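J.:
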Amino acid sequence: MTNSLSPQLLTPADRQERVKQLRNLVIDRVLASSADGILFSGGLDTSVLAAIAASHGRRLQAVMVSVEEGTGLDEPFARLMVERLGLDLEILRPSLKELLDRMPELVLLLQTFDPMELRNSIVTHVAMEAASKRGLSAVLTGDAADELFAGYSFMFNMSAERLPSYIRHLNDIMHFTSQVIGQALGVGVDVPYLSPAIRDFALSLGYDDLVGDDQGQRFGKKILREAFSSLLPREIAGRLKTPIEYGSGSTALKQLAEESVNDTVFERERERAATYDSVKLRDKEQCFYYLMYRSLLPPPKELARGVKTCSECQGPVSRTDMRYCRICGAYPI
Numbered sequence: 065m066t067n068s069l070s071p072q073l074l075t076p077a078d079r080q081e082r083v084k085q086l087r088n089l090v091i092d093r094v095l096a097s098s099a100d101g102i103l104f105s106g107g108l109d110t111s112v113l114a115a116i117a118a119s120h121g122r123r124l125q126a127v128m129v130s131v132e133e134g135t136g137l138d139e140p141f142a143r144l145m146v147e148r149l150g151l152d153l154e155i156l157r158p159s160l161k162e163l164l165d166r167m168p169e170l171v172l173l174l175q176t177f178d179p180m181e182l183r184n185s186i187v188t189h190v191a192m193e194a195a196s197k198r199g200l201s202a203v204l205t206g207d208a209a210d211e212l213f214a215g216y217s218f219m220f221n222m223s224a225e226r227l228p229s230y231i232r233h234l235n236d237i238m239h240f241t242s243q244v245i246g247q248a249l250g251v252g253v254d255v256p257y258l259s260p261a262i263r264d265f266a267l268s269l270g271y272d273d274l275v276g277d278d279q280g281q282r283f284g285k286k287i288l289r290e291a292f293s294s295l296l297p298r299e300i301a302g303r304l305k306t307p308i309e310y311g312s313g314s315t316a317l318k319q320l321a322e323e324s325v326n327d328t329v330f331e332r333e334r335e336r337a338a339t340y341d342s343v344k345l346r347d348k349e350q351c352f353y354y355l356m357y358r359s360l361l362p363p364p365k366e367l368a369r370g371v372k373t374c375s376e377c378q379g380p381v382s383r384t385d386m387r388y389c390r391i392c393g394a395y396p397i
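For any residue, its number in the working numbering is found by taking its place in the sequence shown, counting from 1, and adding 64.
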């Protein structure tokens, strides 16, 4: 296996062979899956999986979330794919209150008070619970494509020298809450992009396989777009990464959480957390979730020790090269 992502001199024929190889790897992996559903967003990664299944006569039950009061960006793209593929799509429309009502269950399950993680993972929890109630045995997810193929803007804007080590690092540490949530709710979670063959292939790619340029605008996942452009509408094949909270509209939880903690409460709880729990609370939103966390769990400093300790919450960190705390969301640590 080649672990070099630096620019490589390849002929057009070589590049086409790589595109074909990725196409075959992903198709084979999807067709080998017994999943009967998919957590769908209308983004590139899940649309590729749904399009492969549809092109081979499989009708997956697609589930997506569009928050009632939010401005979700995913829905128009998802509907476009419905028209293209004839997907059986169910759009769930929880209110913000409904999301907050179920948040303690998620905090306990994930053992975190990281606001960004919770805003994103609550959407997965809603979708996974719906899949469970509908009797789906397993769902496909698009997890890992952004990490392996440079889908995040900060990745495709990295230099060709920096990107290789970062992707190798992500390959070692990436962790997806969909798997934890699915297990808790009795739904199998199948992540095609996490298959060893696809991971090995991704780590063998050159920078130019991953990062493209369209009239001065950089984009990532170049080879994945090329491999499946014939199966997707142009709007989907060219769509950039949209985090779950923006795609679903759950980002509106941030303001609601902040408004639930007034200045007096924040100052009191921030001092209390620092004094008794050795936790540094960054803002009102994190304070809101920390109060929820502490009603269910001990302070992070009382958890079993990791190989290092988070400087912000004193919680355990599982690897010396981890710069992100999964408990409080601190970065860098």
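Positions of the beta carbon are idealized from the N, C-alpha and C atoms, including for glycine.
From a predicted model like this one, the values you see are computed outputs, not experimental measurements.
If you measure between the beta carbons of A99 and D254, is that distance less than 8 Å?
T.: The count along the sequence shown starts at 1 and reaches residue 99 at position 35. The count along the sequence shown starts at 1 and reaches residue 254 at position 190. Yes, Cβ-Cβ distance for A99 and D254 is below 8 Å.
J.: Check the DSSP bridge columns for E154 and list the partner residues they point to.
T.: On the sequence shown, residue 154 is found 90 positions in, with the first residue counted as 1. Answer is V127, bridged to E154.
J.: For I41, does the three-state DSSP call read helix, strand or coil?
T.: The chain is shown from 65 up to 397; residue 41 falls before or after that span and cannot be answered.
J.: Where do the ends of the beta strand (DSSP E) carrying V253 lie?
T.: Numbered from its first residue, the sequence shown carries residue 253 at position 189. G252 to D254 is the span of the beta strand (DSSP E), which, as asked, contains V253.
J.: Name the one or two DSSP bridge partners that F283 has.
T.: Mapped onto the sequence shown, residue 283 falls at position 219. Per DSSP, G276.
J.: Who are V94's beta bridge partners in DSSP?
T.: Locating residue 94 in the sequence shown gives position 30, counting from the first residue. Note: V94 sits in no beta bridge, so no partner.
J.: Out of curiosity, what's the CA-to-CA distance linking L137 and R157?
T.: By 1-based counting over the sequence shown, the position of residue 137 is 73. By 1-based counting over the sequence shown, the position of residue 157 is 93. Each residue's alpha carbon lies about 14 Å from the other.
J.: For L204, does the three-state DSSP call read helix, strand or coil?
T.: Against the sequence shown, residue 204 aligns to sequence position 140. Here L204 sits in strand by DSSP.
J.: In three-state terms, what does DSSP make of L103?
T.: If you number the sequence shown from 1, residue 103 lands on position 39. Strand at L103.
J.: Could you name the residues that DSSP lists as bridge partners for K372?
T.: To locate residue 372, count along the sequence shown from 1; it is residue 308. Answer by DSSP bridge pairing, in chain order: V381.
J.: Counting pairs of beta carbons, one from the region 347-364 and one from the region 206-225, are three or more of them closer than 8 Å?
T.: No, because fewer than three Cβ pairs between the region 347-364 and the region 206-225 fall closer than 8 Å, the two stretches do not touch.
J.: Relative to the alpha-carbon of L149, which residue among E132, P362 and A114 has its alpha-carbon at the smallest distance?
T.: Residue mapping note: residue 149 aligns to position 85 of the sequence shown, counting from 1. Checking every option, the nearest Cα to that of L149 belongs to A114.
J.: Looking only at its own chain, which residues have a Cβ that is under 8 Å from the Cβ of I102, when we skip the five neighbours before and after it?
T.: The count along the sequence shown starts at 1 and reaches residue 102 at position 38. T110, L113, A114, A117, L124, Q125, A126, V127, V203, L204 and T205.
J.: Tell whether a beta-carbon distance below 8 Å holds between G121 and M145.
T.: As a first step, residue 121 must be located in the sequence shown, where it is residue number 57. As a first step, residue 145 must be located in the sequence shown, where it is residue number 81. Not a contact, by the Cβ cut-off of 8 Å.
J.: With a cut-off of 8 Å on the beta carbons, I'd call E299 and F141 a contact; round off their distance for me.
T.: To locate residue 299, count along the sequence shown from 1; it is residue 235. To locate residue 141, count along the sequence shown from 1; it is residue 77. That pair is a contact at about 7 Å.
J.: V325 and F352 look like a contact to me (Cβ under 8 Å); what is the Cβ gap, rounded to whole Å?
T.: Start at 1 with the first residue of the sequence shown, and residue 325 comes out as number 261. Start at 1 with the first residue of the sequence shown, and residue 352 comes out as number 288. About 5 Å separates the two Cβ atoms, so the contact holds.
J.: Straight-line CA distance for R336 to F177?
T.: Translated into positions along the sequence shown, residue 336 becomes position 272. Translated into positions along the sequence shown, residue 177 becomes position 113. Spanning the two alpha carbons is a distance of roughly 16 Å.
J.: Under 8 Å, with one C-beta from each stretch per pair, do the region 171-187 and the region 307-322 reach the 3-pair mark?
T.: Touching, per the Cβ criterion.
J.: So what does DSSP say about T135, is it helix, strand or coil?
T.: Position 71 of the sequence shown, counted from the start, is the residue given in the question as residue 135. The answer is coil: DSSP assigns T135 none of H, G, I, E or B.
J.: On a CA-only basis, which of E139, R198 and D272 is nearest L74? Give me that one, please.
T.: Within the sequence shown, numbered from 1, the residue matching residue 74 stands at position 10. The shortest Cα separation from L74 among E139, R198 and D272 belongs to D272.
J.: Buried or exposed, going by whether 16 or more other CB atoms sit within 10 Å of the CB of F6?
T.: Nothing about residue 6 can be read from this structure; the chain reaches only from 65 to 397.
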